[in-house]
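Enquirer: One structure, as structure tokens, below. Some questions next.
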Amino acid sequence: MTSPSLPLEALKTLFPFLFVVDESLHVVSAGPSLEAVYPCEGQLAAQRFSIKRPVALEWSWQALKASLGRLVVFECEGCFALHMTPCLLESPRPMIAMCGAPWLERAEDIMRLGLTIKQFAPQDHIVNYIFLMQRLTVEAQRRQEAAQRDERAQAELRQLKLINDERERLSSLKDEFLAGVSHELRTPLTGILGAAEGIQEEAFGPVPEEMSYPVEVIIHSAEHLLGIVNDLLDLSKYSAEDVHIDPVMVQLDALVHEVISMIEPQLERRGLELRLELESPLMVECDQRATRQMLLNLIGNAIKYTAEGFVRVSLISEAQAVLIHVEDSGCGISSEAMEEIFEPFRRGDALARRLHDGAGLGLPIARRMARRHGGDITVRSELGQGSRFTLRLPLRQPQAD
Ligand code: ADP
9 MTSPSLPLEA
19 LKTLFPFLFV
29 VDESLHVVSA
39 GPSLEAVYPC
49 EGQLAAQRFS
59 IKRPVALEWS
69 WQALKASLGR
79 LVVFECEGCF
89 ALHMTPCLLE
99 SPRPMIAMCG
109 APWLERAEDI
119 MRLGLTIKQF
129 APQDHIVNYI
139 FLMQRLTVEA
149 QRRQEAAQRD
159 ERAQAELRQL
169 KLINDERERL
179 SSLKDEFLAG
189 VSHELRTPLT
199 GILGAAEGIQ
209 EEAFGPVPEE
219 MSYPVEVIIH
229 SAEHLLGIVN
239 DLLDLSKYSA
249 EDVHIDPVMV
259 QLDALVHEVI
269 SMIEPQLERR
279 GLELRLELES
289 PLMVECDQRA
299 TRQMLLNLIG
309 NAIKYTAEGF
319 VRVSLISEAQ
329 AVLIHVEDSG
339 CGISSEAMEE
349 IFEPFRRGDA
359 LARRLHDGAG
369 LGLPIARRMA
379 RRHGGDITVR
389 SELGQGSRFT
399 LRLPLRQPQA
409 D
């Protein structure tokens with residue numbers, strides 16, 4: 009078979025993977041794509057190409073001439089197989105050109121060899137190659153995007169951790185500062201209060217009539233301030249990770265009665281109905297002072313934020329814990345305010361703020377105390393529909409190591 013009198017250069021354009029041998033079976037020329045990935049010009053063909061098919065075909069000029077126009081598969085070691093058709097070239101000295109294309113089944117191989125679409129001719133299974141390359145490109149892009157997403161997520165995580173660490177650092181600095189300042193304030197405040205009470209009781213001599221009101225204001229204000237200072241101290245104390253509670257066996261129903269008797273005057277002043285549903289005796293292992301304070305806060309709030317109706321306190325014991333429900337028919341809490349009332353200094357809805365003054369420290373302290381016991385304080389409420397706070401305390405404290 010003779011090539012249709014095309015010059016070799018034109019043949020190379022048609023078959024960029026072609027190679028040409030002369031009678032001595034040296035490669036006298038190779039297509040630009042083949043030469044780029046598998047240099048063979050000037051070398052003995054048998055050293056660069058092994059014949060895979062037909063199996064019986066050997067490297068000889070005669071055998072090649074007998075195969076003109078047939079399909080011959082050559083193996084380029086470690087690269088690819090070439091599916092070629094030998095053609096006799098019309099030239100002064102006889103030459104056979106192997107015209108065809110590589111057999112590349114996997115897009116990865118094309119990429120590995122660094123081949124691009126430009127290096128193929130349209131008849132070189134080009135449609136397949138384009139498809140394979142596109143698929144590979146899309147996959148590579150996806151992998152790259154996934155890696156970028158991963159990297160971004162990691163960076164965000166690192167950033168969040170930094171922010172969190174900084175927040176924790178600032179928060180513990182704030183707690184330390186509050187604890188320090190409160191401590192420093194408490195001593196002079198106690199002094200002021202003691203001295204004012206002494207004046208009121210005329211321990212330092214008779215007090216003129218017109219002095220009794222200002223002295224009362226001093227005592228009232230100092231007590232109020234001392235309350236806030238003590239709350240601040242409690243807040244920082246129960247925020248600390250290493251704070252220990254002092255658990256003892258406490259008869260909870262009796263403690264509820266004690267708290268109620270402390271705030272009975274407020275109940276009466278408001279004309280509220282008190283409903284008690286207590287199980288007795290109900291023994292719980294807890295820190296007595298902290299539990300009294302939690303009850304005082306919850307029952308005190310129920311009274312403070314209820315203009316009319318009732319306050320109900322009920323105890324329900326479960327297998328491992330006791331639930332103390334404090335329910336009221338008061339102003340209720342909106343869902344937005346419910347998110348924040350356990351945060352220090354947050355005072356919830358305007359309606360509640362109008363009903364009573366406060367510092368917004370009671371609930372945050374109470375919840376921290378409950379959590380220190382392995383329990384919690386939760387709330388169910390609706391604005392204008394009353395509230396139900398639930399204090400959950402485990403019946404027993406886990407044994408300390
Ligand atoms: P304070 O009562 O000093 O403001 P707390 O921390 O005890 O501080 O309560 C925080 C806020 O939660 C209150 O300001 C109020 O808005 C809301 N709150 C607490 N208990 C009740 C209740 N029983 N009914 C309605 N609102 C309540």
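The opening position of the sequence shown corresponds to residue 9 in this note's numbering, with each subsequent residue numbered one higher.
Note that the Cβ used here is the ideal one computed from N, Cα and C, for glycine as well.
Note that the structure is a prediction, hence the values are computed from the model and not measured.
Closer than 7 Å to a non-hydrogen atom of the ligand ADP - does that hold for the CB of Gly279?
Expert: Position 271 of the sequence shown, counting from 1, holds the residue named residue 279. No; taking the cut-off as 7 Å, the Cβ of Gly279 has no heavy atom of the ligand ADP nearer than that.
Enquirer: Whole angstroms is fine: what's the gap from Pro406's alpha carbon to Gln208's?
Expert: Reading the sequence shown from its first residue, position 398 is the one you call residue 406. Reading the sequence shown from its first residue, position 200 is the one you call residue 208. Rounded to whole angstroms, Pro406 to Gln208 spans 48 Å at the Cα level.
Enquirer: Candidates Ala64, Pro62 and Val45: which alpha carbon is nearest Arg56's?
Expert: As a working mapping, residue 56 is identified with position 48 in the sequence shown. Minimum Cα distance to Arg56 is reached at Val45.
Enquirer: Leaving aside the five residues before and after Lys60 along the sequence, list all residues of the same chain whose C-beta is less than 6 Å from its C-beta, in chain order.
Expert: Here residue 60 corresponds to residue number 52 of the sequence shown, with the count starting at 1. So the list reads Val81 and Glu83, once near-sequence residues are dropped.
Enquirer: Is it right to say Ile385 is buried, meaning 16 or more other beta carbons lie within 10 angstroms of its own, or is it exposed?
Expert: For this step, residue 385 is matched to residue 377 along the sequence shown. Result: buried.
Enquirer: Between which two residues does the beta strand (DSSP E) containing Gly108 stretch?
Expert: Here residue 108 refers to the residue found at position 100 when the sequence shown is read from its first residue. Residues Met103 to Trp111.
Enquirer: In terms of alpha-carbon separation, which member of Leu363, Pro372 and Asp336 lies closest to Phe353?
Expert: In the sequence shown, the residue the question calls residue 353 occupies position 345. That would be Pro372, whose Cα lies nearest to the Cα of Phe353.
Enquirer: Ends of the beta strand (DSSP E) at Thr93?
Expert: Position 85 of the sequence shown, counting from 1, holds the residue named residue 93. Taken as a continuous stretch (DSSP letters only), the beta strand (DSSP E) holding Thr93 covers Phe88 to Leu97.
Enquirer: Within the continuous alpha helix (DSSP H) that includes Val334, where are the two ends?
Expert: For the purposes of this step, residue 334 is identified with residue 326 of the sequence shown, where counting begins at 1. Taken as a continuous stretch (DSSP letters only), Val334 belongs to no alpha helix (DSSP H), being part of the beta strand (DSSP E) at Ala329 to Asp336.
Enquirer: Looking at Leu33: is its Cβ nearer than 8 Å to the Cβ of Trp69?
Expert: Indexing the sequence shown from 1 puts residue 33 at position 25. Indexing the sequence shown from 1 puts residue 69 at position 61. Yes, Cβ-Cβ distance for Leu33 and Trp69 is below 8 Å.
Enquirer: Could you say which of Pro196, Ala89 and Gln149 lies nearest to Leu42 if we only look at CA atoms?
Expert: Here residue 42 refers to the residue found at position 34 when the sequence shown is read from its first residue. Per the Cα distances, Ala89.
Enquirer: Within 10 angstroms of the Cβ of Ser11, are there 16 or more other Cβ atoms? Answer buried if so, exposed if not.
Expert: The sequence position of residue 11 within the sequence shown is 3, counting from 1. With a pLDDT of 46 at Ser11, under the threshold of 50, the modelled position of this residue cannot be trusted; read the value that follows with caution. Buried, since its Cβ has 16 or more Cβ neighbours within 10 Å.
Enquirer: Looking only at DSSP bridge pairs, what is Ser58 linked to?
Expert: What you label residue 58 is simply residue 50 of the sequence shown in a count that begins at 1. DSSP output for Ser58 lists Glu83 as bridge partner(s).
Enquirer: Would you mind working out which of Leu72, Ser389, Val36 and Ile226 sits nearest Arg310, comparing C-alpha positions?
Expert: Within the sequence shown, the letter at position 302 stands for residue 310. Checking the displayed sequence, the identity of residue 310 turns out to be Ala instead of Arg. Closest option to Ala310, Cα to Cα, is Ser389.
Enquirer: Is Arg166 near the ligand ADP, judged by its Cβ being under 7 Å from some heavy atom?
Expert: As a position in the sequence shown, residue 166 is number 158, starting the count at 1. For the ligand ADP, not one heavy atom lies less than 7 Å from the Cβ of Arg166.
Enquirer: Classify Pro47 as helix, strand or coil using the three-state DSSP reduction.
Expert: Stepping through the sequence shown from its first residue, residue 47 is reached at position 39. Residue state, collapsed to three classes: coil.
Enquirer: What whole-angstrom Cβ distance do Ala109 and Leu97 have, given they're in contact under 8 Å?
Expert: Numbered from 1 along the sequence shown, position 101 holds the residue referred to as residue 109. Numbered from 1 along the sequence shown, position 89 holds the residue referred to as residue 97. Incorrect: roughly 19 Å between the Cβ atoms, too far for contact.
Enquirer: For the 8 Å Cβ check, are there 3 or more pairs between the segment 300-317 and the segment 360-372?
Expert: Taking 8 Å as the limit for Cβ pairs, the verdict is that the segment 360-372 does touch the segment 300-317.
Enquirer: Residues in the same chain with beta-carbon distance under 7 Å from Arg355, minus the five sequence neighbours each way, listed in chain order, please.
Expert: For this step, residue 355 is matched to residue 347 along the sequence shown. Counting only Cβ-Cβ distances below 7 Å, and skipping sequence neighbours, we find Arg361, Gly366 and Gly368.
Enquirer: Between which two residues does the beta strand (DSSP E) holding Thr398 run?
Expert: Here residue 398 corresponds to residue number 390 of the sequence shown, with the count starting at 1. That run of the beta strand (DSSP E) goes Ser395 to Pro402.
Enquirer: Can you find the residues in the same chain that come closer than 8 Å, C-beta to C-beta, to Glu316, ignoring five residues on each side of it along the sequence?
Expert: Looking up residue 316 in the sequence shown gives position 308. So the list reads Arg278, Gly279, Leu280 and Ser337, once near-sequence residues are dropped.
Enquirer: Can you give, in chain order, each stretch of the alpha helix (DSSP H) that sits fully within the segment 301-362 and has at least 4 residues?
Expert: List check, alpha helix (DSSP H) in window: 343-348.
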